[in-house]
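These notes concern the structure reproduced below.
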Amino acid sequence: MEQQTGMKEAAGRAAVDALVHSGMKLGLGTGSTAIFAIRRVGELLAQGALNDISAFATSFQSELECERLGIPFYPLNSRELSGGLDLTIDGADEVDPHNRLIKGGGGALLIEKIAAYASAAYAITVDESKIVNSLGAGFPVPVEVIPAARVSAGKALEALGGTVTLREALRKAGPVITEHGNLILDIRFTAPINPAEMENNINQIPGVVENGFFTRKAPVVYIAHLDGTVEVRGKSGQA
Ligand code: 5RP
């Protein structure tokens, strides 16, 4: 556990140190790895090594961390960001050999995907346990659905070969309600799937808002290993 936390921190710091520059419009991801990137940005701002950062926080969790660290953050629609980012740094649940991803373990997939596609460059920070040969064999892919489509979308997802579980909240009775008032259906696939096709097919289902396959924008991936090294896989992070 401690070792894994150390790897998450190493990946987050390495990405920020390599990619973040003063004056950037910066997307900040969600989760226990992305938070280390946020903390590194906060640290560099406090030291004066970075300035003039305009951040976009992809979740309530990230907003709170920005608030705590004094990182200025704005809505994506604001005059400061005008719907575009220079770089987004985030975490992931699975990364395949083509740097395609499953994201949404923290339930923030919708805004995380909007940030990824609104960014000129995209970086993912993970520890080595997130690296897989094929997506969807281990981690279930989250699908955000509007509450009225819980059953109908669930049936359509089963027809695509998935086993569907409504995500339950911890320390609150009932399901997880996303920051947009929706539900999360976690989908397990037993047979091998084509992630790019599946990303598309899932989003055709009425009532689906977004799903956790991220296949169309290859990020640069910072992978922290147990031996203390951080491997960088992929080039520019551009679309
Ligand atoms: C949140 C996400 C996270 O980036 C993903 O779940 C990885 O989280 P962690 O770094 O805590 O393992 O997509 O929606």
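Just so you know, the sequence shown maps onto residues 837 to 1075 in this note's numbering. Backbone N, C-alpha and C define an ideal beta-carbon position, used for all residues, glycine too. Owing to the predicted nature of the structure, the values given are computational and were not obtained by experimental measurement.
- request: Just the C-alpha distance for A954 and T1001, rounded to the nearest angstrom, thanks.
  value: Numbered from its first residue, the sequence shown carries residue 954 at position 118. Numbered from its first residue, the sequence shown carries residue 1001 at position 165. Those two C-alpha atoms are separated by around 30 Å.
task: Compare the Cα-Cα distances from A973 to each of L946, R1024, A985 and E1004 and report the closest residue.
output: Taking the sequence shown and counting its residues from 1, one reaches residue 973 at position 137. Comparing Cα-Cα distances from A973 to each of L946, R1024, A985 and E1004, the minimum goes to R1024.
message: Please give me, in chain order, every unbroken run of the beta strand (DSSP E) with length at least 3 that falls completely inside the region 882-960.
response: Counting only runs of 3 or more residues that sit fully inside the region 882-960, the beta strand (DSSP E) segments are 890-893 and 921-926, in chain order.
- prompt: What residue does the beta strand (DSSP E) around V1066 start on, and which one ends it?
  reply: Taking the sequence shown and counting its residues from 1, the one referred to as residue 1066 is at position 230. Under the DSSP assignment, V1066 falls in the beta strand (DSSP E) whose first and last residues are V1066 to R1069.
message: For E964 and T894, I'd like the C-alpha separation in whole angstroms.
response: Translated into the one-based positions of the sequence shown, residue 964 becomes position 128. Translated into the one-based positions of the sequence shown, residue 894 becomes position 58. Rounded to the nearest angstrom, the two C-alpha atoms are 23 Å apart.
query: Does any heavy atom of the ligand 5RP sit closer than 6 Å to the C-beta of A944?
result: As a position in the sequence shown, residue 944 is number 108, starting the count at 1. The ligand 5RP approaches A944 closely enough that one of its heavy atoms is under 6 Å from the residue's Cβ.
field: Own chain residues within Cβ distance below 7 Å of P1055, not counting five before or after
entry: Translated into positions along the sequence shown, residue 1055 becomes position 219. Taken in chain order, the residues that qualify are N935, Y958, A959, I960, G1070 and G1073.
- request: Return yes when at least one heavy atom of the ligand 5RP lies under 6 Å from the C-beta of T841, else no.
  value: As a first step, residue 841 must be located in the sequence shown, where it is residue number 5. No, the Cβ of T841 stays beyond 6 Å of every heavy atom of the ligand 5RP.
message: According to DSSP, simplified to helix, strand and coil, what is G1073?
response: By 1-based counting over the sequence shown, the position of residue 1073 is 237. Legend: pLDDT at G1073 = 49, less than 50; position of this residue unreliable, no value from coordinates given.
- prompt: Which word fits K991, buried or exposed, when buried means at least 16 other C-beta atoms lie within 10 angstroms of its C-beta?
  reply: Sequence index remark: in the sequence shown, residue 991 carries index 155 (1-based). Label assigned to K991: exposed.
- request: Following the continuous alpha helix (DSSP H) through I1031, name the residue where it begins and the one where it ends.
  value: As a working note, residue 1031 is residue 195 in the sequence shown. Looking at the sequence itself, residue 1031 is Pro, so the reference to Ile does not match. Boundaries of the alpha helix (DSSP H) harbouring P1031: P1031 to N1039, taken from the DSSP string.
task: Give me the Cα-Cα distance between A891 and K844, rounded to the nearest whole angstrom.
output: Residue 891 sits at position 55 when you count from the first residue of the sequence shown. Residue 844 sits at position 8 when you count from the first residue of the sequence shown. Between A891 and K844, the C-alpha separation is close to 21 Å.
query: Using the beta-carbon count (16 or more within 10 Å), is L912 buried or exposed?
result: Locating residue 912 in the sequence shown gives position 76, where the first residue counts as 1. Answer is buried; the Cβ neighbour count reaches 16.
message: Using DSSP's beta-bridge definition, name the partner residues of D963.
response: Working through the sequence shown from its first residue, we reach residue 963 at position 127. Paired residue(s): A1060.
- prompt: Apart from the five residues just before and just after I1041, which ones in its own chain have a Cβ nearer than 6 Å to its Cβ?
  reply: Locating residue 1041 in the sequence shown gives position 205, where the first residue counts as 1. Counting only Cβ-Cβ distances below 6 Å, and skipping sequence neighbours, we find A989 and A992.
message: Looking at the strands, I want to know which residues DSSP matches up with F1025.
response: Numbered from its first residue, the sequence shown carries residue 1025 at position 189. For F1025, DSSP records a beta bridge to G998.
- prompt: Just to confirm, does D853 get its C-beta within under 6 Å of one of the non-hydrogen atoms of the ligand 5RP?
  reply: Taking the sequence shown and counting its residues from 1, the one referred to as residue 853 is at position 17. False, no ligand heavy atom lies under 6 Å from that Cβ.
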